[in-house]
Every structure is written in C-alpha cells, then in structure tokens.
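Engineer: Following this message is one structure expressed as structure tokens.
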Amino acid sequence: MVARFLAAAVAVAAFVVCPAVHAAADYKIVTASERGTYIQIGKDLAKFVAPEADIALEVLPSKGSADNVNRLRYDTGVKFAIVQSDVYQAFLDYASNGNAEAGRLIRPLRVIVPLYNEEIYFIVRADSPLQFVHEIRNLRINVGPLQSGTAMSATTIYRLMYDEALAEVNTSYLTNEDALVKLATDKTVDVVAIVAGQPAKILAEMKPEAKQLVRLLKVDPNHAATRAALRTYVAATIRSASYPNWLDQDVPGLAVKAFLVTYDYTYKPTMEHMAKFARSLCQNFNLLQTEGHPKWRDVELALPPLGRGWLYYPPSERVLRSCPAAAPVAASPPPAAPAAAAKCGQAERVLGLCKGP
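Taking my numbering, I'd label the letters of the sequence shown as residues 39 to 395.
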C-alpha cells in the first residue's frame with residue numbers, strides 16, 4: 039500500500055513539475071498545380087524547415103499565384119504562399135489605381151524571401167512552322183487557368199510584345215494537362231504557355247515519343263518584340279538536362295521571379311512561429327539545396343531591395359538578415375506589370391478582381 043501511495047505521489051509530482059508539451063502550430067502553404075514546381079518547394083519546406091519551427095505545415099495545391107494571394111489573405115490557416123513577382127506587382131498596380139479589392143488583398147501581405155526565377159515555356163506542335171516566341175501573334179494560346187501566375191505572365195508578355203491584349207477569342211484557360219492534349223490531338227490550341235521552375239514535373243515526365251508531338255519555341259533576345267518583354271521579364275536558359283526525354287539541346291527562354299510570401303501578422307505567438315520558421319530556414323538551407331528540389335540551388339537567402347509597395351515581414355527579416363547563408367546582394371526592383379486595364383478587362387479577370395461578366 040505504501041509503495042503504491044509513493045508511486046502515485048511521484049507520478050503526480052512529475053506531472054506538476056514537468057513543463058507542458060506544446061503542440062505544433064497547424065499552418066498551411068498554398069502553391070500551384072500538383073505537377074508543378076511550387077508544390078515541390080512547399081513539400082520541401084514542410085519536410086526540412088517547418089518541424090524545427092514547431093509547425094505542422096500542410097501543403098495545398100491551388101490555381102496559382104493570384105489564387106494564392108486571395109487565399110493567403112482570407113483562408114483560415116493559410117500562413118504562407120508562393121507568388122510570382124508579376125502577379126504581386128499587378129495587384130499593387132491595381133491598388134494604386136484605386137481598385138479597393140486589390141488593395142484589401144495585397145497591402146497586408148509581406149515577403150519572407152525571394153526564391154528563384156521560374157522559366158516560361160511556349161509550346162507548339164512538332165510540325166508547327168513557328169520557331170520563336172515573338173511569332174505567336176494572333177494565334178490561339180492557352181494561358182492557363184484564371185487566377186494562375188501562368189495566365190498573368192502569358193497575357194502580360196503578349197501585351198508587351200505587341201502593345202495590345204491577347205484577343206479573348208484566341209485565349210483559352212485550360213489546365214496545362216488539358217491544353218497539351220488539345221494541342222497535340224484536336225489542334226484547337228496553337229500554343230500552350232506554362233510557367234514552372236525547371237525541372238517541371240509535367241514536362242520532365244514526358245516520354246521520348248513526345249518529340250514527335252510537341253516542341254518548345256525559342257526566345258530571340260535581339261528581336262524588338264522580345265526586347266520589349268525583357269523590360270519586365272528576364273532571359274533564361276531551359277536546359278536539356280532538365281528534360282532529357284524531350285530536349286536535345288538547351289533552349290533560350292524567359293523567366294519570372296517567385297517569392298515566398300506571408301501576411302503581416304501581429305499576434306505574438308504567430309510572430310514567434312514565423313521567426314522560428316526563418317531561423318530553421320537559415321539552419322537547414324544547405325539541406326534544402328542538397329536534398330530538396332533542384333530549384334533550391336538557385337535560391338539565395340539574401341534579402342535584396344524590393345520595389346515600391348513591397349515590404350519584408352519584420353520578424354523573419356530580422357532573422358534572415360543575420361543568417362550566415364545570406365550574403366547581401368544588390369538587385370533591381372521586381373518587374374512592373376502594365377498599368378491597370380479597363381474594368382473587367384483580361385488582366386482583371388486573370389487576377390480574380392473582375393466581379394462582372
């Protein structure tokens with residue numbers, strides 16, 4: 039009896055004096071297509087970074103960057119998003135031009151860290167006479183789903199090259215998978231635009247037989263239309279090593295920057311988790327580069343100057359600026375999107391800001 043009493047007393051004492059075990063915070067990150075690069079980056083963050091920050095990070099697919107902005111702003115539990123620079127800038131431009139919904143969406147958002155340049159692919163049928171991106175004028179182009187970063191980039195590049203919007207009659211908003219099927223089979227699409235960091239799963243998984251069906255257009259940096267696009271986007275090389283079943287040689291292309299974004303949280307526990315996430319990102323950065331998606335090798339933890347209206351998230355910024363892996367670099371501001379189009383124009387529909395037809 040005495041022994042049982044002492045054992046119970048010890049158990050009670052241990053329960054009283056031992057610190058409580060805190061459950062991990064349940065956070066979510068919105069990415070893009072399940073066969074894209076963003077979702078792989080999200081999975082790497084969930085695997086290599088979130089656990090040491092006491093975060094259980096759920097990785098969610100989405101329509102793309104514009105959808106991510108909306109969900110980060112309004113969806114409970116979504117604390118992180120990956121967003122293309124041209125989409126982020128487009129929201130800022132609409133906000134500065136008086137669009138109240140764009141302002142509500144974008145002004146409370148903050149950047150954690152710039153990620154990498156995402157390659158932009160313009161794909162045609164293997165028997166197409168086209169060779170270069172600047173030759174796509176007046177063709178039927180699939181730009182990806184509404185609220186996707188691909189739709190924003192494809193329509194913006196078209197507008198920059200030709201100083202006019204892509205005609206709606208020539209625009210389709212199918213998924214990448216559906217558009218590629220139509221391109222190769224019923225031929226109701228002439229060009230498929232895809233934005234994804236290489237190696238993009240949807241393209242890397244193509245069989246060698248794909249060469250007989252589709253091919254990639256090249257970018258001619260010396261053409262006037264391309265030079266206009268390069269004022270906003272950057273030159274890139276789509277490497278044959280990324281797609282050995284499909285490409286025999288490297289192809290010159292375009293790219294757009296991706297950013298890891300959050301909300302301007304002021305609730306102390308959330309701020310602490312965000313700071314811990316940044317610390318874990320710093321401490322596990324080498325692991326991301328060696329065991330994560332190959333695109334991590336293009337990432338630097340340096341926090342370059344941002345464009346007007348862009349702001350870093352202070353709790354993570356303080357941590358990352360002292361991170362040994364972060365070497366300060368100078369960088370030009372993120373690319374600016376064109377000025378806001380007419381109400382319910384193509385760009386507003388792409389961003390999900392158009393409430394009318």
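Note that beta-carbon positions come from the ideal geometry of N, C-alpha and C, so glycine has one too.
#1: Can you name the start and end residues of the alpha helix (DSSP H) that Arg109 belongs to?
#2: Apart from the five residues on each side of it in sequence, which residues of its chain come closer than 8 Å, Cβ to Cβ, to Met309?
#3: According to DSSP, which residues form a beta bridge with Lys249?
#4: Just verifying my parser: in three-state terms, what is the DSSP assignment at Glu157?
#5: I want to know whether the region 64–72 touches the region 141–152 - three or more CB-CB distances under 8 Å.
#6: Could you give the first and the last residue of the continuous beta strand (DSSP E) run that contains Ala217?
#7: Buried or exposed: which applies to Ala368, given that a residue is buried once 16 or more other Cβ atoms fall within 10 Å of its Cβ?
#8: When you compare the CB positions of Ile232 and Tyr159, do they come within less than 8 Å of one another, or not?
#9: Using the three-state DSSP reduction, which class does Asn324 fall into: helix, strand or coil?
#10: Check this for me: beta carbons of Asn176 and Leu143, under 8 Å apart or not?
#11: Taking only the alpha-carbon atoms, compute the straight-line gap between Ile179 and Glu156 and give it to the nearest angstrom.
#12: Suppose only complete runs of 4+ residues qualify. What are the alpha helix (DSSP H) ranges in the region 165–220, listed by chain order?
#13: Identify, in the order they occur along the chain, each residue of the same chain with its Cβ nearer than 6 Å to the Cβ of Gly187, setting aside the five sequence neighbours on each side.
#14: DSSP beta-bridge partners for Lys66?
#15: Return the chain-ordered list of same chain residues with a C-beta closer than 8 Å to the C-beta of Gln169, the five sequence neighbours on each side being excluded.
#16: Return the residue from the list Gly74, Ala88, Arg73 and Asp82 that minimises the CA-CA distance to Lys314.
#17: Quick one, which of Arg346, Gly291, Arg163 and Ala267 has its alpha-carbon nearest Ser278's?
#18: Around the C-beta of Ser360, are 16 or more other C-beta atoms found within 10 angstroms, so that it is buried, or is it exposed?
#19: Going by Cα to Cα distance, which pick from Val230, His172, Gly80 and Val294 is closest to Arg163?
#20: Starting from Val357, trace the alpha helix (DSSP H) in both directions and tell me its first and last residue.
#21: What does Ala231 pair with, by DSSP beta-bridge criteria?
#22: Would you say Ile93 touches the ligand SAH, meaning its beta carbon is less than 7 Å from a heavy atom?
#23: For the beta strand (DSSP E) holding Tyr132, just list the boundary residues, first then last.
#24: So Leu339 is in the alpha helix (DSSP H); what residue range does that whole segment cover?
#25: When we look at the beta-carbon of Ala205 and count the other beta-carbons within 10 Å, is it buried (16 or more) or exposed?
Structural biologist: With the structure as the only source:
#1: Position 71 of the sequence shown, counted from the first residue, corresponds to residue 109. For Arg109, the enclosing alpha helix (DSSP H) stretches over residues Ser103 to Tyr112.
#2: To locate residue 309, count along the sequence shown from 1; it is residue 271. Cβ within range, chain order: Tyr303 and Pro353.
#3: Stepping through the sequence shown from its first residue, residue 249 is reached at position 211. Beta-bridge pairing links Lys249 to no other residue.
#4: Counting from 1 along the sequence shown, the entry for residue 157 is found at position 119. Per DSSP, reduced to three states, the secondary structure at Glu157 is strand.
#5: These segments do not touch.
#6: Numbered from 1 along the sequence shown, position 179 holds the residue referred to as residue 217. For Ala217, no beta strand (DSSP E) segment is defined; the enclosing uninterrupted segment is the alpha helix (DSSP H) at Asn214 to Ala222.
#7: Indexing the sequence shown from 1 puts residue 368 at position 330. Unreliable placement is indicated for Ala368, whose pLDDT of 43 sits below 50; no coordinate value is reported for it.
#8: Walking along the sequence shown from the start, residue 232 turns up at place 194. Walking along the sequence shown from the start, residue 159 turns up at place 121. It is a contact, given that the beta carbons lie within the stated cut-off.
#9: Residue numbering aside, residue 324 sits at position 286 when the sequence shown is read from its first letter. DSSP places Asn324 in helix when its eight states are reduced to three.
#10: By one-based count along the sequence shown, residue 176 stands at place 138. By one-based count along the sequence shown, residue 143 stands at place 105. No, the Cβ-Cβ distance between Asn176 and Leu143 is not below 8 Å.
#11: As a working mapping, residue 179 is identified with position 141 in the sequence shown. As a working mapping, residue 156 is identified with position 118 in the sequence shown. Those two C-alpha atoms are separated by around 20 Å.
#12: For the region 165–220, whole alpha helix (DSSP H) runs of length 4 or above, ordered along the chain, are 187–200.
#13: Translated into positions along the sequence shown, residue 187 becomes position 149. Around Gly187, the same chain offers Gly102, Ser103, Gln122, Val125 and Val233 as residues with beta carbons nearer than 6 Å, after the five sequence neighbours per side are excluded.
#14: The sequence position of residue 66 within the sequence shown is 28, counting from 1. Lys66 pairs with Glu96 and Val116.
#15: Counted from its first residue, the sequence shown places residue 169 at position 131. Scanning its chain for C-beta atoms nearer than 8 Å, with the 5 sequence neighbours on each side dropped, one finds around Gln169 the residues Leu255 and Lys256, in chain order.
#16: Position 276 of the sequence shown, counted from the first residue, corresponds to residue 314. Of Gly74, Ala88, Arg73 and Asp82, the residue nearest in Cα terms is Ala88.
#17: Residue mapping note: residue 278 aligns to position 240 of the sequence shown, counting from 1. For the residues Arg346, Gly291, Arg163 and Ala267, the minimum Cα distance to Ser278 belongs to Gly291.
#18: Locating residue 360 in the sequence shown gives position 322, counting from the first residue. Per the 10 Å Cβ criterion, exposed.
#19: Here residue 163 corresponds to residue number 125 of the sequence shown, with the count starting at 1. Of the candidates Val230, His172, Gly80 and Val294, the one whose C-alpha sits nearest the C-alpha of Arg163 is Val230.
#20: In the sequence shown, counting from the first residue as 1, residue 357 sits at position 319. Judged by DSSP secondary structure, Val357 falls within the alpha helix (DSSP H) whose first and last residues are Pro352 to Arg359.
#21: Along the sequence shown, read from residue 1 onward, the residue named residue 231 stands at position 193. Phe160.
#22: Although the ligand SAH was asked about, the structure shown includes no ligands whatsoever.
#23: Along the sequence shown, one-based indexing puts residue 132 at 94. It is not in any beta strand (DSSP E) - Tyr132 instead sits in the alpha helix (DSSP H) that spans Ser123 to Ser134.
#24: Along the sequence shown, one-based indexing puts residue 339 at 301. According to the DSSP assignment, Leu339 belongs to no alpha helix (DSSP H), since it is labelled neither H nor E.
#25: Taking the first residue of the sequence shown as position 1, residue 205 is located at position 167. When all chains shown are included, Ala205 counts as exposed.
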